[in-house]
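A.B. asks:
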Amino acid sequence: MARRQRTDSGLLQPGAKELRDFGADKLILALSSAPKIFAMQATTSEMVWTKYLGAEDDDCAFAPKNRSGLDPCTPWMQLLPSSASPHAELVVIAPRRGKSQQVLWLEPLTGEVLHQESMPDADITAVTALPHKGKTLRLHPLMLIDSSGGLHTLPKNAQELQESAGSLYHYEVDTTNQVIQGFAVPNLGEKRPDKLVPIWNMELGSLGETILTAATPQHKQWDHVPVHIKGDASILYKYINPNMLSVASEDKLGLNLYILDAVTGHLIHQSQVAGGASPVHLIACDNWVAMHYRNPKKTRFEILVTELFQNKADDGPWDILFGKKGAAVRSAHHLERPVPLQQTYIMPAGISAMGVTATLKGITPRSILMALTTDHLTRVSKDMLNPRRPYPTNAPAAKAKVPSQFAPSKDEPLPPYNPMVPLRQTEMLNYYQAVASGRRSTSWTPAVGFQDNVRLATSLTMTALESEPPLPFPVLWPTMTYKRTVWGFPKTGDPNIVP
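Below, the structure is given as structure tokens:
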């Protein structure tokens with residue numbers, strides 16, 4: 005979403021200040037396969053601006069659509085540096101026309117083209133933003149990686165690549181060769197780096213495993229709370245690693261979940277789900293990973309929740325107040341392994357997409373959004389999927405054994421473990437409106453206040469929803485033009501939600 009800084013255009017009435025806490029000052033940016041960009045006001049669904057990127061090249065009609073990396077026939081859009089930045093630019097890669105492909109930098113509030121350049125003559129597989137280290141830039145630089153590991157920048161000859169050499173890393177999950185690889189941008193002194201250097205790899209194909217999906221922590225651009233305060237005021241330190249990579253694979257025995265450090269390649273945690281089968285949906289946020297899968301032996305769906313904490317005791321507030329060892333620098337190669345807590349829950353339905361809510365300051369408890377195969381959108385509070393929930397007294401000793409440091413205290417209102425996750429009618433975000441099957445992704449953005457807000461679920465149709473934890477029913481807002489929102493955008497791609 006793009007936050008609107010002006011109220012004199014008539015799209016947002018100056019007197020509607022109470023609506024801003026519910027995201028009324030934001031735009032929903034969506035890119036269709038037409039290809040066309042839509043900017044829609046979040047509260048009223050009024051169209052603010054649109055931009056057509058040009059007709060598809062004739063050769064694209066017969067090109068394969070399942071290629072790895074960037075498809076030159078498919079448009080690409082990303083908000084940079086992030087949706088949490090006070091100033092952002094919309095970077096769009098238009099589909100190929102003839103032998104050329106254009107990259108556009110747009111102003112997200114108006115759709116104005118700020119800059120335009122041609123893509124390098126190479127098979128580009130990945131695009132990432134270059135860090136600008138506090139500089140005030142009108143055009144955010146990009147680093148492009150081709151199929152042979154070569155490095156390119158846009159705008160051309162951007163100095164940020166050489167300035168950040170030695171501290172830039174890249175990883176690839178190869179679902180064809182069943183390999184996970186890590187690379188680094190080498191520091192060559194005064195010489196500009198032109199190719200990635202491999203630093204680690206993890207081969208799963210040799211073990212008879214097939215990579216199904218991978219996920220990285222969501223909402224890293226927003227603030228989060230690095231600790232959990234128990235009922236007795238003691239502190240649990242969350243394992244917060246922005247470079248965490250979760251990978252789900254399948255073999256003849258079931259499913260495997262790997263949690264890696266994408267920079268060093270170190271294996272942080274590994275779990276095996278005996279009898280698990282695809283389809284698998286994976287999501288990660290903060291210090292936890294959730295994996296939804298099918299259990300054919302028990303004819304049901306399950307969700308595995310893994311939460312990671314630092315193996316660190318609570319020494320009280322003395323070090324926090326006086327900063328003892330607060331400025332110490334530690335290498336990621338020598339970090340202690342975290343303590344994993346894990347529980348499995350039974351889901352009453354299959355899902356086609358999964359997301360997680362975003363909060364402005366990380367204080368509001370998160371919820372997991374699920375697009376069910378029954379054409380419903382529902383959410384489950386992360387507090388219900390908490391691996392610290394105590395087991396009953398008659399539980400097996402292996403399950404009930406939890407380190408005392410992480411066990412819930414008497415004053416902590418954690419419900420006892422119950423494997424069944426009920427689908428409550430009050431948690432159905434689409435209320436009585438059915439959302440067509442085929443959902444591919446969900447996008448979230450926080451509101452100004454304390455609410456969590458779901459903004460968009462994309463499929464062949466597009467639906468915008470508002471979710472408010474204090475209310476008994478999270479429903480569509482009264483001013484929403486439902487027909488325009490749901491049926492107006494066929495074949496919508498992944499959206500960008502920019503504050």
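Following the numbering used here, the numbering of the sequence shown begins with 5 at its first residue and continues without gaps. Note that CB positions come from ideal geometry on N, CA and C, so glycine has one too. Since this is a predicted model, take the numbers as computed values, not measurements.
Among the candidates Arg304, Thr361, Asn390, whose CA atom is the shortest distance from the CA of Pro344?
C.D. replies: When each option's Cα is compared against that of Pro344, the closest is Asn390.
A.B. asks: Determine the closest residue to Thr220 out of Met351, Ala288, Asp125, Thr348, with distance taken between C-alpha atoms.
C.D. replies: Measuring from the Cα of Thr220, the nearest candidate turns out to be Ala288.
A.B. asks: Who are the Cβ neighbours of Ala98 in its own chain at under 8 angstroms, not counting the five residues just before and after it?
C.D. replies: Hits under 8 angstroms: Pro39, Leu57, Gly58, Pro79, Gln105, Gln106, Val107, Leu108.
A.B. asks: Under 7 angstroms: does the beta carbon of Trp53 sit that close to some heavy atom of the ligand COA?
C.D. replies: This structure lacks the ligand COA; in fact it carries no ligand of any kind.
A.B. asks: Return the bridge partner residues of Ser122 from the DSSP annotation.
C.D. replies: Beta-bridge pairing links Ser122 to Gln106.
A.B. asks: Would the region 368-387 count as touching the region 428-441 if we require 3 or more Cβ pairs under 8 angstroms?
C.D. replies: Segments in contact, yes.
A.B. asks: Below 6 angstroms CB to CB, which residues in the same chain sit around Pro423 once its five sequence neighbours on both sides are set aside?
C.D. replies: Cβ neighbours of Pro423 beyond the five flanking positions: Tyr349, Ile350.
A.B. asks: By Cβ distance below 7 angstroms, which residues in the same chain neighbour Leu249 in space, the five residues on each side in sequence not counted?
C.D. replies: Excluding residues within five positions, the ones whose Cβ falls inside 7 angstroms are Tyr175, Ala218, Thr220, Leu264, Ala266.
A.B. asks: Can Met295 and Ala357 be called in contact, C-beta distance under 8 angstroms?
C.D. replies: Result no, Cβ atoms of Met295 and Ala357 do not sit closer than 8 angstroms.
A.B. asks: Taking C-alpha atoms, which residue in Asn398, Leu364, His144 lies nearest to Ala133?
C.D. replies: The option with the nearest alpha carbon to Ala133 is His144.
A.B. asks: For His228, tell me which candidate among Lys316, Asn291, Asp127 has the shortest Cα-Cα distance.
C.D. replies: The shortest Cα separation from His228 among Lys316, Asn291, Asp127 belongs to Asn291.
A.B. asks: What does the alpha-carbon distance come out to for the pair Ser168 and Leu74?
C.D. replies: Each residue's alpha carbon lies about 24 angstroms from the other.
A.B. asks: Report the CB separation of Ala130 from His156 in whole angstroms; it is logged as a contact under 8 angstroms.
C.D. replies: With 8 angstroms as the limit, Ala130 and His156 do not qualify as a contact, their Cβ atoms being about 11 angstroms apart.
A.B. asks: Could you give the DSSP three-state label for Asp255: helix, strand or coil?
C.D. replies: If DSSP states are grouped into helix, strand and coil, Asp255 belongs with the strands.
A.B. asks: Bridge partners for Asp150 per DSSP, in chain order?
C.D. replies: DSSP lists Ile128 as partners of Asp150.
A.B. asks: What does a CB cutoff of less than 6 angstroms around Val406 pick up in its chain, not counting 5 residues either side in sequence?
C.D. replies: So the list is empty, once near-sequence residues are dropped.
A.B. asks: Please classify Thr430: does DSSP put it in a helix, a strand, or coil?
C.D. replies: It is helical.
A.B. asks: Is the beta carbon of Glu207 less than 8 angstroms from the beta carbon of Asn260?
C.D. replies: No, they are not a contact pair.
A.B. asks: Which residue's Cα is closest to the Cα of Val360: Gly269, Val293, Gln163, Gly209?
C.D. replies: Checking every option, the nearest Cα to that of Val360 belongs to Val293.
A.B. asks: What number of angstroms, rounded off, separates the C-alpha of Asp415 from the C-alpha of Gly235?
C.D. replies: The alpha-carbon atoms of Asp415 and Gly235 are separated by roughly 5 angstroms.
A.B. asks: Name the two residues that bound the continuous beta strand (DSSP E) containing Gln347.
C.D. replies: Unbroken beta strand (DSSP E) run through Gln347: 343-351.
A.B. asks: For Leu211, which three-state DSSP category applies?
C.D. replies: If DSSP states are grouped into helix, strand and coil, Leu211 belongs with the helices.
A.B. asks: Report the rounded CA-to-CA distance for Ser463 versus Val284, giving the unit in angstroms.
C.D. replies: Confidence is the limiting factor: at Ser463 the pLDDT is only 43, short of 50, which leaves the residue's position unreliable, though a coordinate-based value still follows. Going from the Cα of Ser463 to the Cα of Val284 covers about 18 angstroms.
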